[in-house]
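**Q**
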Amino acid sequence: MLNIEAISQGSKRALARAITWVENDQPEAAQLMKALHGQTGRAFSVGITGPPGAGKSSLVNWMVKLWRRQGLRVAVIAVDPTSPFTGGAILGDRIRMADLTMDDGVFIRSMGSRGRLGGIAAQTFAVGKLMDAAGYDIVVIETVGVGQSEVEIVEWADATVLVMVPGLGDDIQAIKAGILEIGDVIAVNKADRDGSDKLVAELEMMLSLAGPRDWRPPIVKTEGTTGAGVEQLVAAIADFRGYFQASRLGEERRRGRIRREIVSMVGQRIDRLLEQTVAGLSGWERLVDGCLAGTDDPLSVAERLLVEMGIGRKIRQPDTIDRP
Ligand SMILES: Nc1nc2c(ncn2[C@@H]2O[C@H](COP(=O)(O)OP(=O)(O)OP(=O)(O)O)[C@@H](O)[C@H]2O)c(=O)[nH]1
Ligand SMILES: [Mg+2]
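For what it's worth, my numbering labels the leading residue of the sequence shown as 174, then goes sequentially.
1) When the Cα atoms are used, what is the spatial distance from A368 to V393?
2) If I follow the unbroken beta strand (DSSP E) through I180, where does it start and stop?
3) Would DSSP call S481 helix, strand or coil?
4) State the CB to CB distance for the pair L232 and L422, rounded to an integer number of angstroms; the pair is presumed to be in contact (CB under 8 Å).
5) Does DSSP put S369 in a helix, in a strand, or in coil?
6) Please report the distance separating the alpha-carbon of E201 from that of V300.
7) If you count every other CB in all the chains shown that lies within 10 Å of the CB of K229, and 16 or more means buried, which is it?
8) Taking C-beta to C-beta, are P391 and K363 nearer than 9 Å?
9) Flag this pair as touching only if the region 394 to 405 and the region 191 to 198 have three or more C-beta atom pairs under 8 Å; answer yes or no.
10) Please find out if some non-hydrogen atom of ligand 1 comes closer than 8 Å to the beta-carbon of E178.
11) Cβ atoms of G278 and L303: under 9 Å apart, would you say?
12) Taking the alpha helix (DSSP H) that R241 falls in, what are its first and last residues?
13) Does V312 come out as helix, strand or coil in the three-state DSSP assignment?
14) To the nearest angstrom, report how far apart P224 and E315 are at their CA atoms.
15) Helix, strand or coil for G463? Go by DSSP, reduced to three states.
16) With G423 as the anchor, note down where its beta strand (DSSP E) starts and where it stops.
17) Please look up how many angstroms separate the CB atoms of I311 and V219, rounded, as I've assumed it's under 8 Å.
18) Return the CA-CA distance between S181 and R241, expressed in angstroms with no decimal places.
19) Pull up the distance between the alpha-carbon of W388 and that of Y416, whole angstroms please.
20) Cβ of S473 less than 9 Å from any chain B Cβ?
21) Tell me whether V237, by its Cβ, gets closer than 8 Å to a heavy atom of ligand 2.
22) Would you report the Cα separation of I359 and G467, rounded to the nearest angstrom?
23) Relative to the C-alpha of D276, which residue among S283, V247, E458, Q296 is closest?
24) Suppose contacts are defined by Cβ-Cβ distances below 9 Å. Is M337 in contact with L380 by that definition?
25) Is V317 near ligand 2, judged by its Cβ being under 8 Å from some heavy atom?
26) With DSSP collapsed to three states, give me the class of R215.
27) Given a cut-off of 9 Å, decide if T213 and A306 are closer than it, judged by their beta-carbon atoms.
28) Run the CB neighbour count on K238, radius 10 Å, all protein chains shown included, and call it buried at 16 or more, exposed below.
29) On a CA-only basis, which of V474, G440, L446, V439 is nearest G456? Give me that one, please.
30) Below 7 Å CB to CB, which residues in the same chain sit around V451 once its five sequence neighbours on both sides are set aside?
31) Evaluate M378 with the Cβ neighbour count: other Cβ atoms within 10 Å of its Cβ, from every protein chain shown; 16 or more gives buried, anything less gives exposed.
32) For a quick check, are the C-beta atoms of L478 and L447 less than 9 Å apart?
33) Could you check which residue in M438, S184, A295 has the C-alpha nearest to that of E325?
34) Tell me the rounded alpha-carbon separation between V403 and W235.
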């Protein structure tokens, strides 16, 4: 049973169920995603990334409250949170937390990042699309961002907020260098700590060295514990949204995403087909034996497998491509 109506009418239960379908890669998910696509594209998605414990969740809690005050509906995906989403000052403040999760205009969902079919990034994006179709104005994706796959997640968002903190030592250098690629807005959180002005200065310098660009990521000092600076952070995101919509960037990012979406789905299906083909092969180990003994070779086996999968003949050999 498809529950498109219920989802687009904002039923949290229907949305939660649909997300579970997507997470488990159930057949209903594919049908639903096809049917819902036409109702997506309205939400603005914001990826929040940064080192573990930087205060991402604390900031998101405050941001959600401000967006709600502006009358916006907000959905949050917390990918593989190492600490509960409801961190920071709000943790323990049960009444205010209850406000947030019982608010009809707020939807929060955690997702594990391990063992996901088709990659966490694509799946997170699919969940974001469901939230978009459900009428949420803002979709926040929080991810611990240091590794490649985490940074990849934010490539699926319209805007990325990079959360930095003072005093993380040298391993932060790599992330600092990365800000030029991933941060549309930069929050220097834990501004109550020593070194935050120095970090802001360092980041400003790195941005200046990169030369003039159409959009220079603003750097905002914040405190996840008190909410200080979060208003400016939300305003900076709104500014970026304005730029995103008025410039070519918005269309470029969204087109890039559709390309990635298509490619990742084809990849998923080919992976699955390969698994099925190998599983259905009675002589798989014999093929491996042949390679071991040197009477066969892995490339030839691979080519025969592709034929078996029904796509072998369609893949052009490298030597037939790009011939003048
Ligand atoms: N001193 C100080 N502590 C903060 C600030 N913001 C957050 N914290 C604390 O830092 C810790 C981590 O906060 P979280 O919001 O859970 O951080 P996170 O980045 O979401 O953490 P992960 O999702 O586990 O990577 C908590 O104990 C917060 O109370 C801040 O501005 N100043
Ligand atoms: Mg967190």
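All C-beta atoms, glycine included, are put in the ideal place defined by N, C-alpha and C.
**A** Per the coordinate set shown:
1) The question names Ala, but residue 368 in the sequence shown is Gly. Each residue's Cα considered, the two are about 14 Å apart.
2) From DSSP, I180 is part of no beta strand (DSSP E) but of the alpha helix (DSSP H) over 177 to 181.
3) Rather than Ser, the amino acid found at residue 481 in this sequence is Glu. Residue state, collapsed to three classes: helix.
4) The C-beta separation of L232 from L422 comes to about 24 Å, leaving the pair out of contact by the 8 Å criterion.
5) If DSSP states are grouped into helix, strand and coil, S369 belongs with the helices.
6) 14 Å
7) buried
8) no
9) No, because fewer than three Cβ pairs between the region 394 to 405 and the region 191 to 198 fall closer than 8 Å, the two stretches do not touch.
10) no
11) no
12) 229 to 242
13) strand
14) 11 Å
15) helix
16) First-last for G423: 422 to 452, but that is the alpha helix (DSSP H), not the beta strand (DSSP E).
17) That belief holds up - the Cβ atoms of I311 and V219 are roughly 6 Å apart, short of 8 Å.
18) Straight-line measurement puts the Cα of R241 at about 19 Å from the Cα of S181.
19) 8 Å
20) Among the protein chains of the structure shown there is no chain B, as only one such chain exists.
21) no
22) Looking at the two C-alpha atoms, the distance is approximately 56 Å.
23) Relative to the Cα of D276, the nearest Cα in the group S283, V247, E458, Q296 belongs to V247.
24) no
25) yes
26) coil
27) yes
28) Under this definition K238 is a buried residue.
29) V474
30) Excluding five sequence positions before and after V451, the CB atoms of its chain that fall closer than 7 Å to its own CB belong to W457, given in chain order.
31) Note on M378: under 16 other CB atoms within 10 angstroms of its CB, so exposed under the neighbour-count rule.
32) yes
33) A295
34) 7 Å
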